[in-house]
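Residue numbers (the numbering used here): 73 to 317.
Now the structure itself:
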């Protein structure tokens, strides 16, 4: 005997996407900044396999192009916060905790599965995002690929590069030059290998704000006192530790 089944969607995962209106000049400045930074540093390795990855303090270095971009990012970030907590008072710009960095993925470079949840001495990341300075150019009649792939975390193992073979539900979103995504920091994702001409260049960021802070997990509380007593040492450890200190 067949039964009527009602499917009740509970809490959708919302991703925000917008395009910067005057992104041509912005991207030109960011590309110039990328070239400058690459002459000064060999980059770091995080989730990237191949390619180049800057340090995480790009927004603190006084670059006008980064400041212009982050102004737009914070506007959308505040909108995302208000969608969760409609009664929020106006968020003060200077209260945001930000990490930001440039990525350049050349041929076959990709990023492994990861999320952007990080716990610091006084805040934890709530939103993450990526702005596409150059989404990539097709190589002949083949698409550039390099899509960002988000997954449904109800299913499957943690460390798979190509999840669909294991039955994990995923959604791919193609890069668009001049646009950015903002998504929950806990949402796991990876970046497919880039197959286009030149490089796919992006500026990624993490956002936290005390008005919507989700707290610090107990196992990370011990780091708070260490940060207060030994800030210089903790900064050095943070550069080499796989745990966000």
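Where a beta carbon is used, it is the ideal one built from N, C-alpha and C, also for glycine.
Checklist entry - Around the Cβ of residue 97, are there at least 16 other Cβ atoms within 10 angstroms (buried) or fewer (exposed)? => result Looking up residue 97 in the chain shown gives position 25. In the assembly as shown, residue 97 is an exposed residue. Its beta-carbon has fewer than 16 other beta-carbons within 10 Å.
Next on the checklist: Can you tell me whether residue 81 is buried or exposed? The criterion is at least 16 other CB atoms within 10 Å of its CB, across all chains shown.
Outcome noted: Within the chain shown, the letter at position 9 stands for residue 81. Of the other Cβ atoms in all chains shown, fewer than 16 fall within 10 Å of the Cβ of residue 81; this residue is therefore exposed.
Checklist entry - What does a CB cutoff of less than 6 Å around residue 86 pick up in its chain, not counting 5 residues either side in sequence? => result If you number the chain shown from 1, residue 86 lands on position 14. None.
Checklist entry - Could you give the residue range of the alpha helix (DSSP H) that holds residue 150? => result As a working mapping, residue 150 is identified with position 78 in the chain shown. Where residue 150 is concerned, the enclosing alpha helix (DSSP H) stretches over 136-156.
Next on the checklist: How far does the beta strand (DSSP E) with residue 261 in it extend, from its first residue to its last?
Outcome noted: What you label residue 261 is simply residue 189 of the chain shown in a count that begins at 1. 261-263 is the span of the beta strand (DSSP E), which, as asked, contains residue 261.
Checklist entry - Is it the case that the Cβ atoms of residue 277 and residue 156 are separated by a distance below 8 Å? => result Position 205 of the chain shown, counted from the start, is the residue given in the question as residue 277. Position 84 of the chain shown, counted from the start, is the residue given in the question as residue 156. Not in contact: residue 277 and residue 156 (Cβ atoms no closer than 8 Å).
Item to check | residue 190 - containing beta strand (DSSP E), residue span | outcome: Against the chain shown, residue 190 aligns to sequence position 118. Looking at the DSSP string, residue 190 is not in any beta strand (DSSP E), and its letter there is neither H nor E.
Item to check | Delimiting residues of the beta strand (DSSP E) encompassing residue 276 | outcome: Translated into positions along the chain shown, residue 276 becomes position 204. Annotation for residue 276: the continuous beta strand (DSSP E) segment containing it runs 272-280.
Item to check | Where residue 128 sits in the DSSP three-state scheme | outcome: Walking along the chain shown from the start, residue 128 turns up at place 56. Note: residue 128 maps to coil in three-state DSSP.
Checklist entry - Do you know offhand how far residue 254's Cα is from residue 74's? => result For this step, residue 254 is matched to residue 182 along the chain shown. For this step, residue 74 is matched to residue 2 along the chain shown. Cα to Cα, the separation comes out at about 42 Å.
Item to check | Terminal residues of the alpha helix (DSSP H) in which residue 104 lies | outcome: Against the chain shown, residue 104 aligns to sequence position 32. It spans 95-112 - the alpha helix (DSSP H) in which residue 104 sits, taken as one unbroken run.
Item to check | DSSP three-state assignment for residue 284, whether helix, strand or coil | outcome: For the purposes of this step, residue 284 is taken as the residue at position 212 of the chain shown. Judged by DSSP in its simplified three-state form, residue 284 adopts helix.
Checklist entry - If you follow the beta strand (DSSP E) that residue 186 is part of, which residue opens it and which one closes it? => result Locating residue 186 in the chain shown gives position 114, where the first residue counts as 1. Looking at the DSSP string, the run of the beta strand (DSSP E) that includes residue 186 is 182-186.
Next on the checklist: Going by DSSP in three states, residue 165 sits in which element: helix, strand or coil?
Outcome noted: Position 93 of the chain shown, counted from the start, is the residue given in the question as residue 165. Three-state DSSP puts residue 165 in a helix.
Item to check | Integer-rounded CB distance, given that residue 174 should sit under 8 Å from residue 269 | outcome: Indexing the chain shown from 1 puts residue 269 at position 197. Indexing the chain shown from 1 puts residue 174 at position 102. 19 Å between Cβ atoms; not a contact.
Checklist entry - Since residue 91 sits in a beta bridge, which residues does DSSP pair it with? => result Locating residue 91 in the chain shown gives position 19, where the first residue counts as 1. Answer is 251.
Checklist entry - Roughly how many whole angstroms lie between the Cα atoms of residue 259 and residue 83? => result Locating residue 259 in the chain shown gives position 187, counting from the first residue. Locating residue 83 in the chain shown gives position 11, counting from the first residue. Separation of residue 259 and residue 83 (C-alpha to C-alpha, rounded to the nearest whole angstrom) is 14 Å.
Item to check | Spatial neighbours of residue 233 in its chain, beta-carbon cut-off 6 Å, leaving aside the 5 residues before and after | outcome: Along the chain shown, one-based indexing puts residue 233 at 161. With a pLDDT of 49 at residue 233, under the threshold of 50, the modelled position of this residue cannot be trusted, and the question is left open.
Checklist entry - For residue 210, which residues from the same chain have a beta carbon less than 8 Å from its beta carbon, with the 5 sequence-adjacent residues on both sides left out? => result Taking the chain shown and counting its residues from 1, the one referred to as residue 210 is at position 138. The residues are 216, 268 and 269.
Checklist entry - Shortest alpha-carbon distance to residue 184 belongs to which of 164, 223, 135 and 79? => result Position 112 of the chain shown, counted from the start, is the residue given in the question as residue 184. Comparing alpha-carbon positions, the option among 164, 223, 135 and 79 lying closest to residue 184 turns out to be 223.
Checklist entry - Quick one: is residue 197 buried, meaning 16 or more other Cβ sit within 10 Å of its Cβ, or exposed? => result Reading the chain shown from its first residue, position 125 is the one you call residue 197. Residue 197 is buried by the Cβ-count criterion.
Item to check | Residue-level contact to chain D via CB, residue 158, 8 Å cutoff | outcome: Among the chains in the structure shown there is no chain D, since it carries only a single protein chain.
Item to check | Under the three-state DSSP convention, the category residue 196 falls into | outcome: Here residue 196 refers to the residue found at position 124 of the chain shown. In the three-state scheme derived from DSSP, where H, G and I count as helix and E and B as strand, residue 196 is classed as strand.
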